[in-house]
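J.:
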Amino acid sequence: MLRRNFQRNRTGKPGLGEGFTVKRTKFELRKVATPFHKEWLGGYISRNTKRTRQPTVNCEPDNLSSHACNSHFATVLFMRRILHIDMDAFFASIEQQRRPELAGKPLVIGGKGDPTKRGVVSTASYEARKFGIHSAMPLRTAYKLCPDAVFLPVDYKDYSRVSKMIKKILREFTPIIEEAGIDEAFLDISEIRNGSEEIAKEIKKRIKKETGLTCSIGIAPNKLLAKIASDMDKPDGLTIIAEEDIEHSIWPLPVRKLRGVGPKNTAYLKEMGIRTIGELASISLNKLIERFGKSYGRYLYDASRGIDDSPIIVHREPKSSGREITFQKDIGNIQILRKTLVEITKQVVKNIRERGYKARTVTVKIRFSDFETHTRAKSLYEHTDSFEDIKRAAFDCLNRIELKKKVRLIGIRVSKLEKW
Ligand code: TTP
Ligand code: MG
Numbered sequence: 066m067l068r069r070n071f072q073r074n075r076t077g078k079p080g081l082g083e084g085f086t087v088k089r090t091k092f093e094l095r096k097v098a099t100p101f102h103k104e105w106l107g108g109y110i111s112r113n114t115k116r117t118r119q120p121t122v123n124c125e126p127d128n129l130s131s132h133a134c135n136s137h138f139a140t141v142l143f144m145r146r147i148l149h150i151d152m153d154a155f156f157a158s159i160e161q162q163r164r165p166e167l168a169g170k171p172l173v174i175g176g177k178g179d180p181t182k183r184g185v186v187s188t189a190s191y192e193a194r195k196f197g198i199h200s201a202m203p204l205r206t207a208y209k210l211c212p213d214a215v216f217l218p219v220d221y222k223d224y225s226r227v228s229k230m231i232k233k234i235l236r237e238f239t240p241i242i243e244e245a246g247i248d249e250a251f252l253d254i255s256e257i258r259n260g261s262e263e264i265a266k267e268i269k270k271r272i273k274k275e276t277g278l279t280c281s282i283g284i285a286p287n288k289l290l291a292k293i294a295s296d297m298d299k300p301d302g303l304t305i306i307a308e309e310d311i312e313h314s315i316w317p318l319p320v321r322k323l324r325g326v327g328p329k330n331t332a333y334l335k336e337m338g339i340r341t342i343g344e345l346a347s348i349s350l351n352k353l354i355e356r357f358g359k360s361y362g363r364y365l366y367d368a369s370r371g372i373d374d375s376p377i378i379v380h381r382e383p384k385s386s387g388r389e390i391t392f393q394k395d396i397g398n399i400q401i402l403r404k405t406l407v408e409i410t411k412q413v414v415k416n417i418r419e420r421g422y423k424a425r426t427v428t429v430k431i432r433f434s435d436f437e438t439h440t441r442a443k444s445l446y447e448h449t450d451s452f453e454d455i456k457r458a459a460f461d462c463l464n465r466i467e468l469k470k471k472v473r474l475i476g477i478r479v480s481k482l483e484k485w
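Position in the sequence shown counted from 1, then plus 65, gives you our numbering.
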């Protein structure tokens, strides 16, 4: 009974004191409590859990309705200090850093850096964003919006090198770090004695000194809020959000700022008359579950209140590895498609081998000239990194797609990876 979920007393009203979700046992709380918190808890956590291995506060579900118990847990849930860091216009800033003549100029990074050819924008400098250019936009559209911008190809190798330097600096602050992407990470700074602002400023200073780059930092009681915070004052921002700030700084934001709320659900919520996170927080749990299902409905209910107890995942295994090619000209010739599939399969197999993984599922994607997209997947008998086996599965998938139109893109992804 060490891991029990207490989820009671949900009133559906926005607010954190009442209607609060308690998901942690005291045993778990002991693991997240800092020395300050342990002191504040007056030994609640450490004293009895060790001896009895039982929760120390009487938090049987019926007692959770008591306000004291509720607010006690509310405080505990909101006492972590999570820092989210995200570099500013990462690829573009690296290029501007190594070519000072590009500083302050509209700069677009993407594909092979030729805006007359196919390819998408990876990122744009803040100067280029003023023209409406953004990530994932076709390079040709970016060129139309700002013909004077400088276009450069993506240099992953160098960006990964800088990314590693940054992660190394972050590790000097705490080993509890989740690498969330090439230019972002979550750090659990609960155990560090210095103040949040002080830590953030020190991180910014170190990164600026060693890479010349700026970043934006958000600090909050959990990952959900920390990520929203780091995005609130870009570039070179520092935003600290406490539990009491949720109402005035989180509730006015649009719902799509919440992790897991994509364009589809944003549109659906809009149909329900919900645009902001605060409006979402005013919807009852029952109604959300009715509309979105049990798990996502509950997620929305909690997230709109700033509640999130997802842990920092210190080392995340890659879930999949893939490669795709967009042809310069749409292809109608099956032999060319097969040859390309062999090429990208080779690259993917090389990639998983280098990282010591074997895969169980192979997925092939075909996008036709009109953007209609089909995928087919095949599961293998066992995990493998054999090029022949993966190629055979890929061809099986390709054969199951009716090639009725010219093809714009072909891709392969291997998933269900396991370390070997
Ligand atoms: P982001 O952090 O999303 O973007 P950014 O760092 O360029 O800008 P911001 O200041 O708003 O954080 O992504 C980090 C890098 O990942 C980005 O520099 C380029 C790359 N990237 C892509 O290649 N394709 C994409 O669609 C996105 C969103 C990012
Ligand atoms: Mg970034």
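Even glycine gets a Cβ: it sits at the ideal position worked out from N, Cα and C. Note that this is a predicted model, so its numbers are computed, not measured.
(1) Of the choices LYS481, LEU204 and MET337, whose alpha-carbon is the least far from that of LYS177?
(2) At which residue ranges does the segment 247-283 contain complete beta strand (DSSP E) runs of 3 or more residues, listed in the order of the chain?
(3) Looking at the structure shown, is ARG478 part of a helix, part of a strand, or coil, going by DSSP?
(4) Anything with a beta carbon under 5 Å from a heavy atom of the ligand MG counts; list them all in chain order.
(5) Spatial neighbours of VAL472 within its chain, please: C-beta separation below 8 Å, excluding the five flanking residues on both sides.
(6) Cβ-heavy atom distance between LYS288 and the ligand TTP below 6 Å?
(7) Please state whether DSSP places ASP486 in a helix, a strand or coil.
(8) Out of LYS288, ASP153 and ARG226, which one is the CA nearest neighbour of SER190?
(9) Assign LYS274 to one of two classes, buried (16 or more other C-beta atoms within 10 Å of its C-beta) or exposed (fewer than that).
(10) What residue range does the beta strand (DSSP E) around ASP151 cover?
(11) I'd like to check one pair, ASN287 with ILE417: are the Cβ atoms closer than 7 Å?
(12) Taking a contact to mean a Cβ-Cβ separation below 7 Å, would you say SER158 touches ILE174 in this structure?
(13) Would you check if the distance between the CB atom of LYS266 and the CB atom of SER281 is smaller than 7 Å?
(14) Judging by CA-CA distance, which residue of PHE156, GLU262, ASP450 and TYR333 is the nearest neighbour of HIS199?
(15) Buried or exposed: where does ASP301 fall if 16 or more other Cβ atoms within 10 Å of its Cβ makes it buried?
(16) Roughly how many angstroms separate the alpha carbons of ARG441 and LYS269, rounded to a whole number?
(17) Please state whether DSSP places ARG465 in a helix, a strand or coil.
(18) Thinking just about the alpha-carbon of each residue, which of MET144, ILE475, SER480 and LEU482 is nearest to the one in GLU309?
(19) Does ASP454 come out as helix, strand or coil in the three-state DSSP assignment?
(20) Here's the rule: buried if 16 or more other CB atoms are within 10 angstroms of the residue's CB, otherwise exposed. What is VAL379?
(21) Could you tell me whether any non-hydrogen atom of the ligand TTP is closer than 6 Å to the CB of LYS299?
(22) Between the alpha carbons of THR341 and ILE241, how many angstroms are there, rounded?
(23) In or out: ILE254 buried (at least 16 other Cβ within 10 Å) or exposed?
(24) Which class does VAL227 belong to by DSSP, given the choice of helix, strand or coil?
(25) In three-state terms, what does DSSP make of PRO165?
(26) If you follow the beta strand (DSSP E) that ILE390 is in, where does it begin and where does it stop?
(27) Determine the burial state of GLY260: buried for a count of at least 16 other Cβ atoms within 10 Å of its Cβ, exposed for fewer.
(28) Taking the straight line between their C-alpha atoms, what separation do you get for ILE315 and GLY343?
(29) Less than 7 Å between the beta carbons of ALA424 and LEU482, yes or no?
(30) Quick one: what's got a C-beta closer than 6 Å to ILE150's C-beta in the same chain, skipping five residues either side?
(31) Excluding sequence positions up to five away, which residues of its chain have a Cβ less than 6 Å from the Cβ of GLU467?
(32) With GLY387 and VAL413 assumed to form a contact (beta carbons below 8 Å), what rounded beta-carbon distance in angstroms separates them?
(33) Under the assumption that LEU474 contacts ALA458 (Cβ atoms under 8 Å), give the Cβ distance between them as a whole number of angstroms.
(34) How about SER187: is its Cβ closer than 6 Å to a heavy atom in the ligand TTP?
T.: From the atom records:
(1) LEU204
(2) 249-253
(3) strand
(4) ASP151, MET152, PHE155 and ASP248
(5) PHE392, ASP395, ILE396, GLY397, LEU402, ILE431, ARG432, PHE433 and SER434
(6) no
(7) For residue 486 there is no data in the structure shown, the boundaries of the chain being 66 and 485.
(8) ASP153
(9) exposed
(10) 147-152
(11) no
(12) no
(13) no
(14) PHE156
(15) exposed
(16) 45 Å
(17) coil
(18) MET144
(19) helix
(20) exposed
(21) yes
(22) 32 Å
(23) buried
(24) helix
(25) helix
(26) 385-396
(27) exposed
(28) 7 Å
(29) yes
(30) ALA250, CYS280 and ILE282
(31) none
(32) 6 Å
(33) About 19 Å separates the two Cβ atoms, so there is no contact after all.
(34) yes
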